[in-house]
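Accompanying notes for the structure given below.
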Amino acid sequence: MTDPTIAAQADSGGSYVTALEHADGGGTGKKGKPRSLWSDAWGDLRRRPLFIIASVIILFLIVVAVFPEWFTSADPNHRDLSRSRQTPSSDALFGYDVQGQDIFARAVYGTRWSLLVGVGAAVFTVVIGAVIGLLAGYFGGAVDGFLSRVAEVFFGLPFVLGAIIILNAFRSSGVDSAFALVMMVVFALSLLSWPVAMRIMRSAAISAKQQDYVKAARALGASAWRIIFRHMLPNCLAPILVYATILLGSFIAVEATLSFLGIGLRDPAVSWGVMISDARNYIRVAPHLLLFPAGILTITVLAFVMLGDAVRDALDPKLR
Amino acid sequence: MSAQSIGETEDTGVVPDAPLLEVDDLYVEFRTRDGVAKVLNGVSYHVDAGETLAVLGESGSGKSVTAQAVMGILDEPPAAVTGGEIRYHGEDLLKVSAQRRSDVRAEGIAMIFQDALSALNPVYTVGFQIEEQLRVRLGMSRQEARKRAIALLDLVRIPNAARRVRQYPHEFSGGMRQRAMIAMSLALDPEVLIADEPTTALDVTVQAQIMDLLKEIQTERRMGLILITHDLGVVAEVADRIAVMYAGRIVEYADAVSLYRRPGHPYTAALMESLPRLDLKGHELKTIKGLPPSLLAIPPGCPFHPRCAMAQDRCRTEVPAEYRLGLGRTSRCHFAEEMVGGV
Chain L
1 MTDPTIAAQA DSGGSYVTAL EHADGGGTGK KGKPRSLWSD AWGDLRRRPL
51 FIIASVIILF LIVVAVFPEW FTSADPNHRD LSRSRQTPSS DALFGYDVQG
101 QDIFARAVYG TRWSLLVGVG AAVFTVVIGA VIGLLAGYFG GAVDGFLSRV
151 AEVFFGLPFV LGAIIILNAF RSSGVDSAFA LVMMVVFALS LLSWPVAMRI
201 MRSAAISAKQ QDYVKAARAL GASAWRIIFR HMLPNCLAPI LVYATILLGS
251 FIAVEATLSF LGIGLRDPAV SWGVMISDAR NYIRVAPHLL LFPAGILTIT
301 VLAFVMLGDA VRDALDPKLR
Chain X
1 MSAQSIGETE DTGVVPDAPL LEVDDLYVEF RTRDGVAKVL NGVSYHVDAG
51 ETLAVLGESG SGKSVTAQAV MGILDEPPAA VTGGEIRYHG EDLLKVSAQR
101 RSDVRAEGIA MIFQDALSAL NPVYTVGFQI EEQLRVRLGM SRQEARKRAI
151 ALLDLVRIPN AARRVRQYPH EFSGGMRQRA MIAMSLALDP EVLIADEPTT
201 ALDVTVQAQI MDLLKEIQTE RRMGLILITH DLGVVAEVAD RIAVMYAGRI
251 VEYADAVSLY RRPGHPYTAA LMESLPRLDL KGHELKTIKG LPPSLLAIPP
301 GCPFHPRCAM AQDRCRTEVP AEYRLGLGRT SRCHFAEEMV GGV
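Listed below in C-alpha cells is the structure:
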C-alpha cells in the first residue's frame with residue numbers, strides 16, 4: 001500500500017545529475033533520479049516477465065471482481081433445472097451446474113468474494129502481525145517475551161481445526177449478508193495466521209533497531225512512536241510485503257478449502273470455493289462442474305505466488 | 001544560540017562557569033548471561049567550548065560506551081549506569097526528567113557515528129532527515145527547513161547541495177555520507193559534538209578532508225569536540241587534550257603536546273610504539289602483546305599488568321591510584337613519575 005506513494009515521491013524529485021559534477025564519487029543512478037529502495041525495486045520489477053504476467057492476470061481479476069456485469073450478461077442465480085449439468089456450449093461457455101445455473105456467470109461473480117477474502121485476510125494478518133511484531137522487536141525484554149508467547153499460542157493452533165471451531169461458533173449467530181460472511185472468514189483466517197507475520201516483522205524490527213539511525217533518532221529525543229512508525233516501519237516493510245503477496249494467494253485457496261468443508265462462505269457469497277464444494281458429488285459424472293472453478297482458482301493463486309516471487313527478488317537486498 | 005535558550009530556562013540545575021560537558025566518575029555495567037561486565041569503571045573527563053578532547057583506546061576500552069551514555073542511547077538493559085554524573089553546564093543529566101534530558105541532548109549535544117551509511121535512514125532522502133529535526137525541534141516550515149538543509153550541506157562542502165538534498169543515502173559516496181552526517185549533527189547548533197570514529201570507515205585522503213572540515217567547523221562555532229578514535233595520527237593533529245582509555249578506565253589524561261613528548265603510562269607508550277614509522281623502515285613493527293582483558297574478569301591490580309613490559313609484583317595486586325603529573329595531567333601507573341621524569 002505504501003510502496004507506490006513512496007516510489008511516486010522519489011520520482012517527483014527527479015532531476016538530472018552528471019557524474020562529473022562530483023569529484024567525490026556521487027550519484028550511482030545513470031538516470032540521475034534520486035532512487036529509493038522502492039523506486040529501484042519498481043524499475044527492476046518492470047523488466048521481469050514473471051511480474052508482468054502476474055500483474056496482468058491480477059489486474060484482470062480485479063476488474064472482473066469490480067465489474068462482473070461487463071463480462072457476462074447471464075444471471076448467476078438464474079436456475080433452469082432442465083439444463084442441469086449440461087456441458088459447455090456456445091450458449092454457456094463453461095456449461096451449467098446441478099441446479100442449471102450458468103457456471104461461467106457464477107465464476108465471474110464469484111471472483112469478487114474470493115478476492116475479497118484473500119485481500120481482506122492478507123491485509124488484516126499483516127496489520128496485526130506488523131504492529132505486534134514492531135512493538136515486540138522495538139521494546140524487547142518482557143514486552144517481547146509476552147507478545148511472542150501469545151503469538152506462539154496462536155501459532156500452535158491447528159489451522160483447519162481452529163478455523164472450523166471459530167467459524168462454527170459464529171455460524172449460528174444468524175449473519176446472512178454476503179459481506180458479513182466474508183468478514184467472518186477474514187477474521188478467522190487472520191486470527192490464525194498473524195503469528196508468522198509477527199515473527200517476520202519482529203526480526204526485521206530487531207535488526208532495524210540496531211542501526212545507528214535509530215540510535216541517532218533516540219539521541220535527538222524522538223518518541224518511541226516516532227521511531228517505530230517513522231524510522232523502523234518503512235525499513236521493515238519489504239519482507240512482510242513479500243509474505244503478504246504470497247499469503248494472499250494461499251488465503252484464496254484456504255477459503256476454498258473451508259467452503260468445501262462447508263464452513264467457509266455460502267450463499268449469497270458464492271465464491272469459487274463454494275462452487276467447488278457444490279460440485280463435489282458430481283465429479284465423475286460432470287467433471288466440468290469442478291474443473292472450471294478449480295482451474296480459475298489455481299491460475300489466481302499461481303498469479304499471486306508469482307507476484308510474490310518477483311517482488312521478493314526485487315526487494316531482497318542480498319540479491320541486489 | 002540554542003545554548004543560551006537552554007541556559008535561560010527556569011528551574012534547571014544550570015551552574016554558571018561550570019565546564020560545558022563533564023563526565024564525572026561514571027560507572028556502566030552490561031548485565032549479560034555470562035555475568036556482569038564492568039564496562040566503565042569511574043571515567044571522568046570534561047570538554048569546554050572551542051576545545052578538542054580526544055578519547056583514545058582499543059576496541060572494548062569503553063570509549064564509545066562513554067559517548068553513548070552521554071547521549072543517552074545505551075541499550076538499557078543490558079547496559080546500566082551504576083554511578084557517576086554527566087553534567088552539562090553543571091546540570092546532572094542523569095538526574096533531571098526524561099523530557100528535559102532529551103531536550104538538552106537534542107539541542108546541546110550532537111553525535112557523529114562511525115558508519116554514516118547505517119546512521120542515515122535508507123528510506124528517506126538526506127534532506128528529509130536533516131529537515132525532520134528542524135521541523136520537529138524548531139517548528140520550521142517545510143520550505144524553511146529545506147533551505148536550511150541546503151545551507152548545511154553547502155557548509156560541509158557537498159557540491160550541488162540543492163540537488164543532493166533530494167537524494168538517498170546510498171547515492172552518496174562514503175566521504176559525502178560522512179559530510180551529510182556532519183551536516184545533520186550541526187542542524188540544531190549543538191555546543192558539544194561527539195564524533196565516534198568519524199573517519200574510520202573512510203580512505204586516507206578522505207579522512208584528512210573530513211578531519212579538516214570538522215576542525216574548521218569546530219573552531220568557527222566554538223564547539224566542544226569529543227573525538228573518539230584509535231588513530232594516534234588523527235589525534236596528534238587535532239586534539240588539545242587526550243584521554244587514553246583501557247578496560248573502562250582513563251589511564252592517562254594529558255595535553256596533547258606533553259603526551260606525545262613523553263607518555264605517562266606504559267600503555268600509551270606501547271600504543272605509540274606500535275605506529276609504523278618511516279624512519280624505522282625494515283624493523284619489525286612493535287605490537288602490544290596479548291589481548292585487552294575480558295570485561296567480565298578484569299585482572300586484579302593494574303588491568304594492564306599482563307601486557308605491560310614494566311610490570312612488577314606491586315602491579316599485580318595494587319590498583320594504581322591517579323597520580324598527578326603537573327597541571328591537568330594524570331596517569332594511573334605506579335611508575336608514572338619515572339616514565340615522565342625520564343629513564
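Just so you know, the protein sequences line up as chains L and X, in that order.
When we follow UniProt numbering, the leftmost residue of the first sequence carries the number 1, and every step to the right adds one.
When we follow UniProt numbering, the leftmost residue of the second sequence carries the number 1, and every step to the right adds one.
Note that the Cβ used here is the ideal one computed from N, Cα and C, for glycine as well.
Residue-level contact check: L:Y138 does not touch chain X, since none of the beta carbons of chain X fall below 8 angstroms from its beta carbon.
For L:H288, the secondary structure class from DSSP, reduced to helix, strand or coil, is helix.
Judged by beta-carbon spacing, X:V43 lies within the 8 angstroms limit of X:V23, meaning their Cβ atoms are closer than that value.
Residues of the stretch 69 to 80 of chain X that bring their beta carbon within less than 9 angstroms of a beta carbon in chain L comprise M71, G72, I73, D75 and P77, in sequence order.
If the five residues before and after L:L192 are omitted, its C-beta is found closer than 8 angstroms to the C-beta atoms of F154, L157, F159, G162, A163 and I166, all from its own chain and listed in chain order. Against chain X, the CB of L:L258 has no partner CB under 8 angstroms away; the residue lies outside that interface. 8 angstroms or more divides the Cβ of L:L291 from the Cβ of L:V242. X:K215 is not bridged by DSSP to any residue. When 7 angstroms is used as the limit between beta carbons, L:L220 is near these residues of chain X: A106 and Q133, in chain order.
At a cut-off of 8 angstroms, the C-beta of X:N41 has no neighbouring C-beta in chain L.
It is roughly 11 angstroms from the alpha-carbon of X:I210 to the alpha-carbon of X:T200.
Residue-level contact by beta carbon fails for X:F30 and chain L, as no gap is shorter than 8 angstroms. L:A216 has a beta carbon lying within less than 8 angstroms of a beta carbon in chain X. Per DSSP, L:I227 lies in no beta strand (DSSP E) segment and is marked neither H nor E. With a threshold of 8 angstroms between beta carbons, X:M111 makes contact with chain L. Here the C-alpha atom of X:Q178 lies approximately 17 angstroms from the C-alpha atom of X:D231. Secondary structure of X:N121 (DSSP, three-state): coil. In summary, X:K38 is buried, with 16 or more beta-carbon neighbours lying within 10 Å of its beta-carbon over all protein chains present. Within chain X, the residues placing a beta-carbon under 9 angstroms from that of L:G141 are P77, ordered along the chain. Bounds of any beta strand (DSSP E) do not take in X:E237; it lies within the alpha helix (DSSP H) bounded by L232 to V238. L:K209 counts as buried, since at least 16 other C-beta atoms from the protein chains shown sit within 10 angstroms of its C-beta. For X:D255, the three-state secondary structure derived from DSSP is strand. Below the 8 angstroms Cβ cutoff, chain L contributes no neighbours of X:S258, its closest Cβ being approximately 33 angstroms away.
The three-state reading of DSSP puts X:A195 in strand, counting E and B together.
Put simply, the CB of X:V65 is far from chain L, with every gap to its CB atoms at 8 angstroms or more.
Counted as a single uninterrupted DSSP element, the stretch harbouring X:A80 is not any alpha helix (DSSP H) but the beta strand (DSSP E) occupying residues A79 to Y88.
Sequence-distant Cβ neighbours of X:R135 in its own chain, meaning closer than 6 angstroms and more than five residues away, are A145. Here X:F113 has A119, M181 and D196 as same chain residues with Cβ atoms under 7 angstroms from its own Cβ, once five neighbours each way along the sequence are excluded.
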